[in-house]
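J.:
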Amino acid sequence: MKIAVVGGGCVGLTTALIIQEKLRNAHLDLIAENFEQTTSHVAAGIFRVGAAYSSPSESITRKWITDAYSFYEAIVKSREASEAGVSRISGYIFSNSHDNVKNEWMEGLVPIYRRVNESEMIMFGDNWKYGCFISTLLTQPNQYLKWAKNKLIQSGAILITKPIISLKELAKDYDLIMNCTGLGAKILCQDRKMIPIKGQVIKVRAPWLRTFSYGEINTYVIPGSDGLTTLGGLRDFESSDLTVCPYQAAAIRDRCERLVPSLKKAELVAHKTGLRPHREGGVRVEVEKINDGSYCSAVVHNYGHGGYGICTAPGTSKYAVELAEDALRTSSKL
Ligand SMILES: Cc1cc2nc3c(=O)[nH]c(=O)nc-3n(C[C@H](O)[C@H](O)[C@H](O)COP(=O)(O)OP(=O)(O)OC[C@H]3O[C@@H](n4cnc5c(N)ncnc54)[C@H](O)[C@@H]3O)c2cc1C
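Numbering (UniProt numbering), first residue to last: 1 to 334.
If you want it as structure tokens, here you go:
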């Protein structure tokens, strides 16, 4: 059986890892226009699913998030944790709105999710009204993507760097196609629900920071396991301009320094931008039959993760592979 995974970001590579584990005898090709510079490479990689993250149903969303957390938790507990770039991290979220410190996806999932106490409030100053302390996971995207790619190649997967113009063109060569093209699906699938949300971050060297901090107006400080700290951020809806905006950069730095004053001493390393693959109505994980006239294949879509694709990729990918197995069984290919 021949399977193509289209997309070399976190969703594509994670889907491929799960396929390799479940469909051991399949021939697996990974096809992507770009494996080295994807949106996934820009992300901070924190496991913090926003309250608005959704799938077609509440129970499926919860399953995706729980499965994703278990996937990364298993890596943290394994000897591969450091190579895969997955570690534990904890930190604070401050806000003047009670809603911003509540998160029903995260509460009950992570080992610690509690309101901050008086002395913690004083420690951060800035007269916040509400705050919470969370212990969660961090996936360092550069490391994780490299680790996943090496693991896939060692187990026989073939990497092919090329753009796909139409999924139908793959039908004659593959029994199953996993579509993990992120924002690329907007054109590839003519999916008008796909909307870019521009993000911009600053990478600084601040090795003394151990905990993450979130404040108002998309302000966050996330220390990475690679020694660099990510300062964010920006959520520019329907903007696909990847240039670094110097005004946004100055505003991000200023907000982050007010949240964590020791950052004033942090050395600037780089500015980065990326387009979050947001999908109105939620992430698309579903099967479609494609037919190019002579050949018929199953396509399983797995795209539209918005600002939560690093943390939730394993959950949607596990679900996508389950749908793929059902489709192969129905067509007697499994
Ligand atoms: C600033 C910023 C910070 C973020 N922080 C976090 C965070 O802390 N935690 C978190 O969970 N998420 C975070 N995100 C969101 C996360 O980065 C995305 O949700 C995630 O990267 C999406 O992964 P993906 O694999 O779907 O897409 P991508 O990483 O964009 O990969 C898409 C792949 O598909 C390929 N492709 C596209 N079209 C085609 C085509 N036609 N033919 C062939 N190949 C194609 C591309 O070349 C690429 O390889 C952040 C995003 C940004 C911008």
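Note that CB positions come from ideal geometry on N, CA and C, so glycine has one too.
Remember, predicted model here, so these are calculated numbers, not experimental data.
Excluding sequence positions up to five away, which residues of its chain have a Cβ less than 7 Å from the Cβ of Thr230?
T.: Ala44, Val201, Lys203, Ile222 and Gly224
J.: Please determine whether the Cβ atom of Thr38 lies at a distance below 7 Å from any heavy atom of ligand 1.
T.: Yes, ligand 1 has a heavy atom inside 7 Å of this Cβ.
J.: Please classify Asn127: is it buried, with 16 or more other beta-carbons within 10 angstroms of its beta-carbon, or exposed?
T.: exposed
J.: Could you give the first and the last residue of the continuous alpha helix (DSSP H) run that contains Gln20?
T.: Cys10 to Lys22
J.: Tell me whether Ile46 counts as near ligand 1, meaning its Cβ is closer than 7 Å to at least one heavy atom of that ligand.
T.: yes
J.: Among all the DSSP beta bridges, which residues are the ones paired with Gln200?
T.: Answer by DSSP bridge pairing, in chain order: Thr273.
J.: Please look up how many angstroms separate the CB atoms of Val285 and Asn302, rounded, as I've assumed it's under 8 Å.
T.: Correct: roughly 5 Å between the Cβ atoms.
J.: Please classify Pro246 as buried or exposed, where buried requires at least 16 other C-beta atoms within 10 Å of its C-beta.
T.: exposed
J.: Please classify Thr219 as buried or exposed, where buried requires at least 16 other C-beta atoms within 10 Å of its C-beta.
T.: buried
J.: Between which two residues does the alpha helix (DSSP H) carrying Asp326 extend?
T.: Gly309 to Thr330
J.: Looking at Val201 and ligand 1, is the gap between the Cβ and the nearest heavy atom below 7 Å?
T.: Indeed, a heavy atom of ligand 1 lies less than 7 Å from the Cβ.
J.: Measure the C-alpha to C-alpha separation of Glu325 and Thr316 and round it to an integer number of angstroms.
T.: Each residue's alpha carbon lies about 14 Å from the other.
J.: Pick out whichever of Gly215, Gly282 and Leu17 has its Cα sitting closest to the Cα of Ser97.
T.: Gly215
J.: Around the C-beta of Thr161, are 16 or more other C-beta atoms found within 10 angstroms, so that it is buried, or is it exposed?
T.: exposed
J.: Under a Cβ-count criterion, where at least 16 other Cβ atoms within 10 Å of its own Cβ denotes burial, should Asn103 be classed as buried or exposed?
T.: buried
J.: So what does DSSP say about Arg279, is it helix, strand or coil?
T.: strand
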